[in-house]
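Residue numbers for the sequence shown follow numbering that gives the first Met the number 0, so the first one is 0 and each next one is one higher.
What follows is a short report on a single structure.
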Amino acid sequence: MITHESTFPVHRYSFIEKLLFQRVRFTPSKLAQELNGKTILITGASSGIGEQVAYLLQDFPVHLVLVARRKENLMRIKYEIEKNMATVTIVAADLRVNDELEELICLIQELPHGLDIVVSNAGLSINRSIYESLDRHHDFERTMAINYFAPVKMLLAFIPLLEKNNGQIINISTINAVLVPFPRWAAYQASKTAFDSWLRSTAIELQRNGVSTTSIYLPLVKTDMIRPTEAYDRMPAMCPKHVAKIICKSMYTKCKMYRPWWLPIGQISSVLFRGTIEKVMMKTTGRGNRRAGS
Ligand SMILES: NC(=O)c1ccc[n+]([C@@H]2O[C@H](COP(=O)([O-])OP(=O)(O)OC[C@H]3O[C@@H](n4cnc5c(N)ncnc54)[C@H](OP(=O)(O)O)[C@@H]3O)[C@@H](O)[C@H]2O)c1
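As structure tokens, then:
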């Protein structure tokens with residue numbers, strides 16, 4: 000299999016990272032059995048995690064629909080993948096733009112075999128102090144537009160299709176959605192938490208009608224998204240290929256969620272020691288920023 004490194008060099012785990020991010024036991028034969036002939040939509044497939052999920056699926060008999068704004072990236076990825084077993088349709092669309100989202104919806108609705116799996120991965124993060132945001136209401140609008148409204152609108156259209164095929168929705172969420180919120184990330188965290196909550200709220204109804212949902216709670220991942228924040232250069236972070244395995248494994252286990260083993264400890268601490276955690280944050284806030292979000 001060809002390996003793809005995206006725009007990041009290979010990320011070799013340190014001792015601490017090996018402890019924090021345990022290996023996944025991923026069985027390609029189980030995935031092959033599960034995915035045979037299926038159609039998988041991946042939003043945000045032009046880089047990072049979405050790109051690596053697409054590459055991991057290239058050796059399986061699947062139809063991938065890859066969505067993002069950067070058409071040239073999508074074309075390069077399609078070219079590489081179609082040297083292997085998967086077939087690829089690319090859709091260059093800004094999912095915040097209604098007409099472009101509608102076009103994607105129409106394309107999917109016209110597929111003869113419908114839709115089996117949605118990997119809701121497209122996202123935007125912004126690292127900016129609230130005091131630098133007083134005249135930037137648009138930051139809150141654009142994060143909500145891509146991290147919340149776009150996947151909600153898309154899924155409202157796709158739920159009937161997923162029901163027909165006993166499909167699955169996989170949300171690429173963040174550990175911050177279930178921990179004490181970090182300062183400077185209000186726009187990102189509020190919008191990611193909104194969609195996380197939306198999906199968990201719909202999950203029980205969906206499951207009754209044969210649609211599974213999976214929430215993937217991720218810590219830092221070495222992708223373009225964290226590059227602007229200098230402090231993250233020195234912090235433990237997952238490799239996007241490792242994350243891709245976790246996501247693809249969930250396609251055959253249909254697990255309700257993935258979370259790092261230590262996240263429950265963080266969740267309990269968030270409740271029990273919120274005051275102390277906030278005091279520590281107060282002392283450390285505002286350091287190490289290369290530039291604010293894009
Ligand atoms: N990296 C982390 O530390 C981390 C941690 C937890 C969760 N996550 C989540 O993981 C997901 C993937 O992020 P990543 O880390 O792989 O970063 P990334 O490389 O920046 O990927 C983001 C993807 O979203 C797409 N996208 C952004 N805005 C879009 C829009 N308006 N319309 C269509 N596509 C759009 C981007 O493509 P175009 O620019 O070509 O449109 C890109 O393919 C995000 O949902 C993020 O919140 C990341």
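Cβ coordinates follow ideal geometry from the N, Cα and C atoms, glycine included.
Just so we're clear, the structure is a prediction, and the values are computed from it rather than from any experiment.
Checklist entry - Anyone know if the C-beta pair for residue 20 and residue 241 falls short of 8 Å? => result Yes, the pair counts as a contact, with Cβ atoms nearer than the cut-off.
Next on the checklist: Going by DSSP in three states, residue 136 sits in which element: helix, strand or coil?
Outcome noted: Helix.
Checklist entry - Would you call residue 134 buried or exposed, if buried means 16 or more other Cβ atoms sit within 10 Å of its Cβ? => result Exposed is the call here.
Next on the checklist: What does the Cβ neighbour count give for residue 247, buried or exposed, with the cut at 16 atoms within 10 Å?
Outcome noted: Taking a 10 Å sphere around the C-beta of residue 247, we find 16 or more other C-beta atoms and assign the residue as buried.
Next on the checklist: Please classify residue 275 as buried or exposed, where buried requires at least 16 neighbouring CB atoms within 10 angstroms.
Outcome noted: When all chains shown are included, residue 275 counts as exposed.
Checklist entry - Under the three-state reduction of DSSP, which class applies to residue 118: helix, strand or coil? => result Judged by DSSP in its simplified three-state form, residue 118 adopts strand.
Checklist entry - With 16 as the cutoff for other CB atoms within 10 Å, does residue 210 come out buried or exposed? => result Residue 210 counts as buried, since at least 16 other C-beta atoms from the protein chains shown sit within 10 angstroms of its C-beta.
Next on the checklist: On the DSSP letters alone, give me the boundaries of the beta strand (DSSP E) that residue 172 sits inside.
Outcome noted: Its beta strand (DSSP E) spans residues 167-173.
Item to check | Per DSSP, cross-strand counterpart(s) of residue 295 | outcome: Since the displayed the chain opens at 0 and closes at 293, residue 295 lies outside it and no answer follows.
Next on the checklist: Given the structure, does residue 153 come close to ligand 2, in the sense that its CB is under 7 Å from one of the ligand's heavy atoms?
Outcome noted: This structure simply doesn't include ligand 2; it includes ligand 1 instead.
Item to check | Proximity of residue 152 and residue 100 at Cβ, strictly below 8 Å | outcome: Going by beta carbons, residue 152 and residue 100 fall inside the 8 Å limit.
Checklist entry - Just how far apart, CA to CA, sit residue 55 and residue 236? => result Their Cα atoms are separated by approximately 20 Å.
Checklist entry - If you run the structure through DSSP and keep just helix, strand and coil, what is residue 214? => result Strand.
Item to check | Contact test: residue 84 Cβ vs ligand 1 heavy atom, cutoff 7 Å | outcome: Result no, Cβ not under 7 Å from ligand 1.
Item to check | Local Cβ density within 10 Å of residue 229, reported as buried at 16 or more and exposed below that | outcome: A residue is called buried when at least 16 other Cβ atoms come within 10 angstroms of its Cβ; residue 229 does not meet this threshold and is exposed.
Next on the checklist: For residue 41, report the span of its alpha helix (DSSP H) as first-last.
Outcome noted: No alpha helix (DSSP H) holds residue 41; the beta strand (DSSP E) holding it covers 38-42.
Checklist entry - Closer than 7 Å: is that where the CB of residue 235 sits relative to any heavy atom of ligand 1? => result For residue 235, the shortest separation between its Cβ and any heavy atom of ligand 1 does not lie below 7 Å.
Next on the checklist: Can you give me the C-alpha to C-alpha distance between residue 53 and residue 121, rounded to a whole angstrom?
Outcome noted: Residue 53 and residue 121 have their C-alpha atoms roughly 13 Å apart.
Next on the checklist: Per the DSSP calculation, residue 257 is bridged to which residue(s)?
Outcome noted: According to the DSSP secondary-structure assignment, residue 257 is paired through a beta bridge with 215.
Checklist entry - Are three or more beta carbon pairs between the segment 57-66 and the segment 39-46 nearer than 8 Å? => result Flag = yes, the segment 57-66 and the segment 39-46 touch.
Item to check | Beta-carbon proximity list for residue 87, same chain, < 7 Å, skipping 5 on both sides | outcome: Sequence-distant partners of residue 87 (beyond 5 residues in either direction) whose C-beta falls short of 7 Å from its own C-beta, in its chain, are 63, 65, 77, 80, 81.
Checklist entry - Once you ignore the five residues that flank residue 182 on each side, which residues in its own chain have a CB closer than 7 Å to its CB? => result Here the set comprises 280, 284.
Checklist entry - Does DSSP put residue 62 in a helix, a strand or coil? => result When secondary structure is reduced to three states using DSSP, residue 62 falls in the strand class.
Checklist entry - Taking 7 Å as the cut-off, does the CB of residue 297 come closer than this to any heavy atom belonging to ligand 1? => result There is no way to answer for residue 297, as the model of the chain reaches only from 0 to 293.
Checklist entry - Taking the alpha helix (DSSP H) that residue 247 falls in, what are its first and last residues? => result Residue 247: member of the alpha helix (DSSP H) spanning 239-252, first to last residue.
Checklist entry - Is it right to say residue 214 is buried, meaning 16 or more other beta carbons lie within 10 angstroms of its own, or is it exposed? => result The residue is buried, with at least 16 neighbouring Cβ atoms inside 10 Å.
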